[in-house]
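Asks:
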Amino acid sequence: MSSLLSHLRRGLGENFRFAFLAVRAHKLRAVLTVLGIVVGVSTVIAMVSIVTGFKNNMIRSFQSFGATLVQFQKYEQRFGPHGPPEAELRRKDLLLEDALALKASIPEMRAVSPERYLWDTDIHVKYRDAETTTPVVAGVGPDYPIANNHFVSYGRFITEADFEHATAVAVIGEDVRSVLFPREDPLGKPIDFNGMQYTVIGVLEKKGRMFGGSNDNFLLIPFTAFDRQFPFIKNSHRDTIHIATVPYTPEQVPIILEKGREILRARRHVPFDKPDDFAIFTPDRMIENFKAITNGVMLAMVFIAGVSLLIGGVGVMNIMLVSVTERTREIGLRKAVGAFRRDIVLQFLTEATTLSLLGGAIGVVLGIAVPAAIKRVFEALPAETPIWAVVVGLGVSISVGIFFGLYPAVKASRLDPIEALRYE
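For the sequence shown, counting from 1, position 406 maps to 1086 in our numbering; every step adds exactly one.
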């Protein structure tokens, strides 16, 4: 048994040596042969890395809202540039009264945060000579920090008294603070927001980037002050309030989902045999939808890369057939001195696999390097290379070599030694 293993080991070592000698003897041919495999493997790993990094980043962003978030809104959550369909545009607006009814009727709700956002309006936030025009402006209530898992780092948040009396106070994000108050404490300072004065009472904790943008670029004012300054938003029917809610415990999420749905259906007079005319957003549900989209994109990319691997495999088969023809006399000589058919098959199969493995190794290096370079240049486009993608890339390249090298190897082993020795 040990002598057989020793023989196989020596034979395999010799085959690899001959394979590398063949590659060195025909460098340009070898490079052109493995080019398709390099492109295929590198494309698979690069695309998987980019999509995986993007998916994981988005999932972390969704989870940062809090695993127990349940948000009621007018329109369904969707990705892409397309707006709501006509059926959703005809839905009735959600109202502040709906949020208050949820809070009063569902004891399992720890926090209920009605939120209204300022869209399609020029924003100018000033303090002395400093100005910013980019913050996300929202009218919110006192439960906003708990419902959105976003608390103040110093100062205070909007209170029930601020909410009831439409007090002209504001809580700003770290990005807004760094622009307007780079070298002084913002608390108690007046800022001008589109012609109205608000006093800064708090600064939100820094949360970093989310969904490819900053999650620190906020200006939050009381919901009632927002409606007083921008009554046209309330009456535009383009978008309505978002009602963010969280339970006391994760186990209560299904309870507030069911009770919240029942209360809103009753308030909006939805018939029992009709679907909801409002949307419910939860991080888990959104993550599932997003995973379905990214998995589809990944499969499409893998299919495209598979075509490159197929072309590379055909190239390997073609070059191995040429190699068999060029080395017909060598094959005849080996068979004449006692080589078995399996020895010939193993020799040429090893050469084909070596070519594919070289292409796979180069493809893996490029597949890891390209996403890493993209991540370094474009911070908003994260990339994470999973180990399984590298293993699959190498495994596929070896499989391509074996599959497309098998026919030339078998053809070589079937050559008649006498005819092969006469070959010119």
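Every residue gets a Cβ at the ideal spot worked out from N, C-alpha and C, and that includes glycine. The structure presented is a predicted model; accordingly, all values stated were derived computationally and were not measured.
Between Val-820, Ala-827, Glu-777, which lies nearest to Arg-790 when the distance is taken from Cα to Cα?
Replies: As a first step, residue 790 must be located in the sequence shown, where it is residue number 110. If we check each option's Cα against that of Arg-790, Ala-827 comes out closest.
Asks: Figure out for me which residue from Pro-787, Lys-783, Val-1045 has the closest Cα to the Cα of Gln-932.
Replies: Position 252 of the sequence shown holds residue 932. Gln-932 has its Cα closest to that of Pro-787, out of Pro-787, Lys-783, Val-1045.
Asks: So Asp-773 packs on Thr-920, CB below 8 Å; how close in whole Å?
Replies: Stepping through the sequence shown from its first residue, residue 773 is reached at position 93. Stepping through the sequence shown from its first residue, residue 920 is reached at position 240. Yes, Asp-773 and Thr-920 are in contact; Cβ-Cβ is about 4 Å, under 8 Å.
Asks: Please say whether Thr-962 and Leu-749 have beta carbons closer to each other than 8 Å?
Replies: Numbered from its first residue, the sequence shown carries residue 749 at position 69. Numbered from its first residue, the sequence shown carries residue 962 at position 282. Closer than 8 Å, so yes.
Asks: Between the Cα of Glu-854 and those of Gly-819, Asn-897, Ala-848, Gly-1043, spot the shortest distance and give me the residue it belongs to.
Replies: Here residue 854 refers to the residue found at position 174 of the sequence shown. Closest option to Glu-854, Cα to Cα, is Asn-897.
Asks: Note down, in chain order, each residue of its chain lying with its Cβ closer than 6 Å to the Cβ of Gly-882, except the 5 sequence neighbours on either side.
Replies: Residue numbering aside, residue 882 sits at position 202 when the sequence shown is read from its first letter. Cβ within range, chain order: Val-832, Gly-835, Arg-836, Phe-837, Val-851.
Asks: Go ahead and pull the three-state DSSP assignment for Thr-879.
Replies: Sequence index remark: in the sequence shown, residue 879 carries index 199 (1-based). Three-state result, Thr-879: strand.
Asks: Measuring straight from C-alpha to C-alpha, what distance separates Phe-1084 and Leu-989?
Replies: If you number the sequence shown from 1, residue 1084 lands on position 404. If you number the sequence shown from 1, residue 989 lands on position 309. Cα-Cα distance, rounded: 11 Å.
Asks: Please classify Asp-823 as buried or exposed, where buried requires at least 16 neighbouring CB atoms within 10 angstroms.
Replies: For the purposes of this step, residue 823 is identified with residue 143 of the sequence shown, where counting begins at 1. That one is buried.
Asks: May I ask you to report which of helix, strand or coil DSSP gives Leu-769?
Replies: On the sequence shown, residue 769 is found 89 positions in, with the first residue counted as 1. Correct three-state label for Leu-769: helix.
Asks: Do Val-1070 and Ile-725 have their beta-carbon atoms positioned less than 8 Å apart in this structure?
Replies: Counting from 1 along the sequence shown, the entry for residue 725 is found at position 45. Counting from 1 along the sequence shown, the entry for residue 1070 is found at position 390. Yes.
Asks: Go ahead and pull the three-state DSSP assignment for Lys-806.
Replies: Indexing the sequence shown from 1 puts residue 806 at position 126. Here Lys-806 sits in strand by DSSP.
Asks: Which value, in whole angstroms, describes the spacing of the CA atoms of Val-1080 and Thr-732?
Replies: Residue mapping note: residue 1080 aligns to position 400 of the sequence shown, counting from 1. Residue mapping note: residue 732 aligns to position 52 of the sequence shown, counting from 1. Taking the straight line joining both Cα atoms gives about 25 Å.
Asks: Can you grab the Cα-Cα spacing for the pair Gly-720 / Arg-947, in whole Å?
Replies: The residue labelled residue 720 in the question sits at position 40 within the sequence shown. The residue labelled residue 947 in the question sits at position 267 within the sequence shown. Each residue's Cα considered, the two are about 56 Å apart.
Asks: Is the separation between the beta-carbon of Ala-1053 and that of Ile-730 shorter than 8 Å?
Replies: The sequence position of residue 1053 within the sequence shown is 373, counting from 1. The sequence position of residue 730 within the sequence shown is 50, counting from 1. Contact: no.
Asks: Between the alpha carbons of Pro-862 and Tyr-807, how many angstroms are there, rounded?
Replies: Numbered from its first residue, the sequence shown carries residue 862 at position 182. Numbered from its first residue, the sequence shown carries residue 807 at position 127. Cα to Cα, Pro-862 sits roughly 11 Å from Tyr-807.
Asks: If distances are taken between C-alpha atoms only, which option among Gly-821, His-830, Thr-723 comes closest to Ala-841?
Replies: As a working note, residue 841 is residue 161 in the sequence shown. Residue Gly-821 is the option with its Cα nearest to Ala-841.
Asks: With DSSP as the reference, please indicate the residues paired to Ile-901 in a beta bridge.
Replies: Here residue 901 is taken as the residue at index 221 of the sequence shown, counted from 1. In the DSSP output, where bridge partners are listed per residue, Ile-901 has Gly-819.
Asks: Which same chain residues end up closer than 7 Å to Ala-846 when comparing Cβ atoms and leaving out the 5 residues on each side of it in sequence?
Replies: Position 166 of the sequence shown, counted from the start, is the residue given in the question as residue 846. Answer for Ala-846: Pro-902, Thr-904, Ala-905, Arg-908, listed in chain order.
Asks: Straight-line CA distance for Gly-888 to Ile-984?
Replies: Numbered from 1 along the sequence shown, position 208 holds the residue referred to as residue 888. Numbered from 1 along the sequence shown, position 304 holds the residue referred to as residue 984. The straight-line gap from Cα to Cα measures roughly 35 Å.
Asks: Give the straight-line distance between the Cα atoms of Ile-936 and Val-714, rounded to the nearest whole angstrom.
Replies: In the sequence shown, counting from the first residue as 1, residue 936 sits at position 256. In the sequence shown, counting from the first residue as 1, residue 714 sits at position 34. C-alpha separation (whole angstroms): 58 Å.
Asks: Given this structure, state the Cα-to-Cα distance separating Leu-899 from Val-926, to the nearest angstrom.
Replies: Taking the sequence shown and counting its residues from 1, the one referred to as residue 899 is at position 219. Taking the sequence shown and counting its residues from 1, the one referred to as residue 926 is at position 246. So the two alpha carbons sit approximately 22 Å from each other.
Asks: Let me make sure I understand the geometry here. Which of Ser-1036, Val-816, Asn-915 has the alpha-carbon closest to that of Gly-993?
Replies: For the purposes of this step, residue 993 is taken as the residue at position 313 of the sequence shown. With distances taken between Cα atoms, Gly-993 lies closest to Ser-1036.
Asks: Within 10 Å of its beta-carbon, does Arg-770 have 16 or more other beta-carbons around it, so buried, or fewer, so exposed?
Replies: For the purposes of this step, residue 770 is identified with residue 90 of the sequence shown, where counting begins at 1. Under this definition Arg-770 is an exposed residue.
Asks: Grab the span of the alpha helix (DSSP H) containing Phe-843 for me, first residue to last.
Replies: Taking the sequence shown and counting its residues from 1, one reaches residue 843 at position 163. 840 to 845 is the span of the alpha helix (DSSP H), which, as asked, contains Phe-843.
Asks: Looking at the structure shown, is Ala-848 part of a helix, part of a strand, or coil, going by DSSP?
Replies: Position 168 of the sequence shown holds residue 848. Three-state result, Ala-848: coil.
Asks: Between the C-alpha atoms of Val-805 and Tyr-755, what's the straight-line distance to the nearest angstrom?
Replies: Reading the sequence shown from its first residue, position 125 is the one you call residue 805. Reading the sequence shown from its first residue, position 75 is the one you call residue 755. Taking the straight line joining both Cα atoms gives about 29 Å.
Asks: For Gln-877, does the count of other Cβ atoms within 10 angstroms reach 16, so buried, or fall short, so exposed?
Replies: To locate residue 877, count along the sequence shown from 1; it is residue 197. Exposed.
Asks: Alpha carbons only, please: which of Leu-776, Lys-886, Ser-858 is nearest the one belonging to Glu-844?
Replies: Working through the sequence shown from its first residue, we reach residue 844 at position 164. Closest by alpha carbon: Leu-776.
Asks: Which same chain residues end up closer than 8 Å to Leu-884 when comparing Cβ atoms and leaving out the 5 residues on each side of it in sequence?
Replies: The residue given as residue 884 occupies position 204 in the sequence shown. Closer than 8 Å at the Cβ level, and outside the excluded window around Leu-884, lie His-830, Phe-831, Val-832, Ser-833, Val-851, Ile-852, Gly-853, Glu-854, Asp-896, Phe-898, Leu-900.
Asks: Considering just the uninterrupted stretch of the alpha helix (DSSP H) at Pro-934, what are its terminal residues?
Replies: Residue numbering aside, residue 934 sits at position 254 when the sequence shown is read from its first letter. Its alpha helix (DSSP H) spans residues 933 to 947.
Asks: Whose CA, out of Trp-1068, Ile-1082, Ala-818, lies closest to the CA of Val-1025?
Replies: Translated into the one-based positions of the sequence shown, residue 1025 becomes position 345. Answer by Cα proximity: Ile-1082.
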